[in-house]
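Protein chains: 2
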Amino acid sequence: MLSKKIQAAMAGSSAIRAMFVEGQEMAAKVGKENVYDFSLGNPATPAPVTFNETVKEILDQTDPLVIHGYMNNSGYEDVRSIIAENLNARFGTDFESKNIVMTVGAAGGLNVIFKTILDPEDEVVVFAPYFGEYKSYAANFDAPIVEVKPDYDTFLPDLDDFAAKLTAKTRAVIINNPNNPTGVVYDENTIKALAAILEKKQQEFGTDIYLISDEPYRELVYDGAEVPFLTKYYHNTLVGYSFSKSLSLPGERIGYLAVPDTVSDSAELLEGLGVATRTLGFVNAPSLMQKAVARCIDECTNISFYDKNRRDLYEGLTKLGFTCIRPQGAFYLWMKSPVADETEFVQAGKNYHIIMVKGSAFGCGGYVRLAYCVSHDTVVRSLDAFARLAEEYGLS
Amino acid sequence: MLSKKIQAAMAGSSAIRAMFVEGQEMAAKVGKENVYDFSLGNPATPAPVTFNETVKEILDQTDPLVIHGYMNNSGYEDVRSIIAENLNARFGTDFESKNIVMTVGAAGGLNVIFKTILDPEDEVVVFAPYFGEYKSYAANFDAPIVEVKPDYDTFLPDLDDFAAKLTAKTRAVIINNPNNPTGVVYDENTIKALAAILEKKQQEFGTDIYLISDEPYRELVYDGAEVPFLTKYYHNTLVGYSFSKSLSLPGERIGYLAVPDTVSDSAELLEGLGVATRTLGFVNAPSLMQKAVARCIDECTNISFYDKNRRDLYEGLTKLGFTCIRPQGAFYLWMKSPVADETEFVQAGKNYHIIMVKGSAFGCGGYVRLAYCVSHDTVVRSLDAFARLAEEYGLS
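In order, the protein sequences belong to chains B and F. Letter by letter, the first sequence follows residues 1 to 396 in our numbering. Letter by letter, the second sequence follows residues 397 to 792 in our numbering.
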């Protein structure tokens, strides 16, 4: 007899993980090299070579009671200072160590924020298509998700719909920039427009509406695209970061939250985030990894690896007649399903050993997501399979 | 404006952490060597020397995409197999990898269990004195804690009170063996008696009552004390383990859950635990640490270090006229306050730079907890300070 909530979670369990498992089963049958698995956002280019060497240095140079021991629930003071200074140097902010809370990845960070700010029935506004887990995280605190429509040409938010969806119950708005699943980067004008609407609505309702900037893909941008740092555009911004993608460490569960002094009740909020880190059972972000990412704060994985996949997949699929949104960031490609029911299209793809994730898993049916964080060889060889799929749908 | 729940959590925030912070502030003033800080259960003897070497080997020998990458939410298959085989060899159980779920420490594991089995208003029974965080973890899922009285001579559970506290709403019972804060080890007869009561009540109410065995201190036992492995005594037992104490890795947040096939709906429960791991934002236990603890599964920190502290502190305090429960496990000493209000006694201790935690933080006033996971020198020198404290209370 499981809890009602977990039964619901299991019923609507992650379509991404489900496809990942299907891909693995298919690989076991027909051979890994014959499966074109675009399901999971699992980095395919390793951590920078210096990363493992840095970890070994830390192990050799630091007292084991320190690197493996308890620290403040918010993280090591020195690590938080290094991150604050790095953000200040890059974005002209004025963070101090007290403004940083180390987290068990971005997923842990979002849950810590939600625990700290959400009461039951508070509304969390998201921009469709959006990372499906936001719904599960909000559900942990009995808060419903409110979806904002996209502009279907650009997949930027529909600003009129955004303004219409904000209510006195809106407690948080999540921006995921660069965006998973579309790869779209919200430009400065879009951010300014969103911020203006938020300011207006806060005054109208006399409430605080927190803008949560979920930024695991910040470093993964192409064609010189710029990702605005949101604390500079809206005072009630909370930044959530993860090193999963920038340093290819998704399994290590390491990230941080940045809360500027401009946020309402910022000191109280920061204290609450520390307490939430403890009471949710995270206790603290993994200690050795805290020290390691601090020393590698200026390192980054090989972005050009993803860029090559991005260009070849986008151009290849477009040539085949598929309609795709040209990605500027992250490692996802958002493609229109040739038929309204993309679930049928995803099924058809499996016949060619192509693993895609249905758009409805991101609150936006009629599209599919391709995670191109795979080997370049997989991208190249997948195009023959896509060609047959395109033929089946009369695209070419 | 913080959530009502986090405001409550902040108000009743961890007395242990509060004393830890006070101890650090005092150390900054009068010098670390002059503060006898018995507040926090932070291991004072390092991880086994082989541990760091093993981590370095793994970094040198394994594909970084594997050691730092995503895996099944329940953990690496090979790691789970090694843990299952280790338990089988030690306790004659028959676990397979599917019975093991890797967790972000024991705190993460307990929250994953609670998410999976608790509906609001379900009751969680604990044995006073108990680890105060159980209350916070249950509160995450709107489940109240029900406290069972101890036998004040032995600090084993009062079995009659236990039987009386079990109701149709009881969903889980937590045993922490060896016990934090008393250092008492529940012997086999006690476990058999508890199991018999649980079986009887399950039948009486027609419910499943899960027995959660919280075992971070399993390896820390003295005088040859034996800690029964509970799955052998009660079919609905879920085991939660952490390597925080056995390998001195509290900051790394690594542990596991073991769920035998004998548990009701075991397969469904295990699936639920994996989903809960993901949706609570843990996603998976830290990947490099999973591989490291598996390779060090037979290693243990230096128990004799704690044993020496245990004897000298217990004997020293007893000689001074304090009434203490002789600990058989963990690294805590449970001492009777010379006055009914132990908060006053804790305050008085601070005048001699002795940092203790009040028993009421563990649901048992009139006592204090001393965490003797400190240097032996601290134990020895603290006895002069305790002597003056004893004098103040006319004990000697």
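The beta-carbon is built from N, C-alpha and C at its ideal position, and this holds for glycine as well.
Under three-state DSSP, which class holds residue i?
i      : result
F:E695 : coil
B:E219 : coil
B:M1   : coil
B:V325 : Per the sequence presented here, residue 325 of chain B reads as Ile, with Val not at that position. Of the three classes helix, strand and coil, the one that applies to B:I325 here is strand, per DSSP.
F:K641 : coil
F:R649 : coil
F:M406 : helix
B:E147 : strand
F:A535 : helix
B:D153 : coil
F:F601 : helix
B:Y121 : In the sequence under discussion, the amino acid at residue 121 of chain B is Glu, which differs from the Tyr named in the question. If DSSP states are grouped into helix, strand and coil, B:E121 belongs with coil.
B:F95  : coil
B:T237 : strand
B:T262 : coil
B:V368 : strand
F:S700 : helix
F:Y530 : helix
F:T578 : coil
B:S396 : coil
B:F331 : coil
F:V793 : With chain F represented from 397 up to 792, any question about residue 793 of chain F goes unanswered, as that position is not in the structure.
Using the beta-carbon count (16 or more within 10 Å), is residue i buried or exposed?
i      : result
F:V426 : exposed
B:R253 : buried
B:V101 : buried
F:N728 : For the record, residue 728 of chain F in the displayed sequence is Tyr; it is not Asn. Per the 10 Å Cβ criterion, buried.
B:K201 : buried
B:G274 : buried
B:P327 : buried
B:G23  : buried
B:P120 : exposed
B:K192 : exposed
B:G224 : exposed
B:S396 : exposed
B:K319 : exposed
F:K428 : exposed
Is the CB-CB distance between residue i and residue j below 8 Å?
i      : j      : result
B:P286 : F:P682 : yes
F:G755 : F:Y763 : yes
F:C696 : F:G437 : no
B:P260 : B:T231 : yes
F:S700 : F:A443 : no
B:G108 : F:F678 : yes
B:A44  : B:S375 : yes
F:G725 : F:V544 : no
F:L616 : F:T586 : no
Using the C-alpha atoms, what's the distance from residue j back to residue i?
i      : j      : result
B:D208 : F:I479 : 48 Å
B:V104 : B:E85  : 21 Å
F:L634 : B:S3   : 16 Å
B:A8   : B:A138 : 14 Å
B:A128 : F:R614 : 48 Å
F:F601 : F:A559 : 13 Å
F:K704 : F:L713 : 14 Å
B:L269 : B:T116 : 7 Å
F:Y548 : F:K746 : 26 Å
B:H235 : B:V263 : 6 Å
B:A195 : B:P150 : 17 Å
B:D187 : F:T774 : 58 Å
B:I58  : B:M289 : 10 Å
F:Y526 : F:F758 : 5 Å
F:I593 : F:D518 : 19 Å
Compare the Cα-Cα distances from residue i to each of the options and report the closest residue.
i      : options                           : result
F:G528 : F:K565, F:V753, F:V776 and F:A744 : F:V753
F:F639 : F:E421, F:I693 and F:G677         : F:I693
B:M71  : F:P540, F:F447, F:E492 and F:P646 : F:P646
F:P540 : F:D547, F:S532 and F:F558         : F:S532
B:Y233 : B:E204, B:D158 and B:Y210         : B:Y210
B:G183 : B:V227, B:R381 and B:D377         : B:V227
F:V542 : F:R567, F:Q457 and F:V431         : F:R567
B:T62  : F:Y652, F:S792, F:A407 and F:N448 : F:N448
B:K5   : B:S246, B:G69, B:L59 and B:F141   : B:F141
Can you find a heavy atom of the ligand NAP that lies under 7 Å from the Cβ of residue i?
i     : result
B:F51 : Ligands are entirely absent from the displayed structure, and the ligand NAP is therefore not among its contents.
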